[in-house]
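When we follow the working numbering, the leftmost residue of the sequence shown carries the number 799, and every step to the right adds one.
What follows is one structure encoded as structure tokens, with my remarks underneath.
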Amino acid sequence: KKRSTIEKIFKIAKQVYGVKNLHVYHKEGAYWKIFIGFYFSCLLYQDLKDEKINVDRAVGLFGDNTDVW
């Protein structure tokens with residue numbers, strides 16, 4: 799169950815907050831962007847679970863439409 803939760807948080811970070819497009823070795827401030835992306839991913843995951851919303855479906859609806867950076 800923990801692994802599933804972690805995988806969903808990574809999925810949110812990749813699809814919603816654009817963490818997949820960061821290259822740590824040459825981007826200015828990439829570590830902070832990754833930290834912030836995963837922090838907000840955890841908050842979003844908690845909100846979705848509290849509201850009893852299917853995480854996979856919610857991420858699929860607004861996932862690839864935005865890139866925060």
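By construction, the Cβ of each residue, glycine as well, lies at the ideal position given by its N, Cα and C atoms.
Range covered by the alpha helix (DSSP H) that runs through residue i
{"i": "Ile810", "result": "Lys800 to Gln813"}
Residue burial classification, residue i (beta-carbon count within 10 angstroms, cutoff 16)
{"i": "Ile810", "result": "buried"}
{"i": "Ser839", "result": "buried"}
{"i": "Lys831", "result": "buried"}
Contacts around residue i, its chain only, beta-carbon distance under 7 Å, and the 5 residues preceding and following it disregarded
{"i": "Val857", "result": "Lys809, Ile810, Gln813 and Val814"}
{"i": "Ala806", "result": "Note that residue 806 is Lys in the sequence shown, not Ala. The answer, listed in chain order, is Tyr843 and Val853."}
Cβ neighbours of residue i in the same chain (closer than 8 Å, five flanking residues each side left out)
{"i": "Leu842", "result": "Ile810 and Val814"}
{"i": "Thr803", "result": "Tyr843"}
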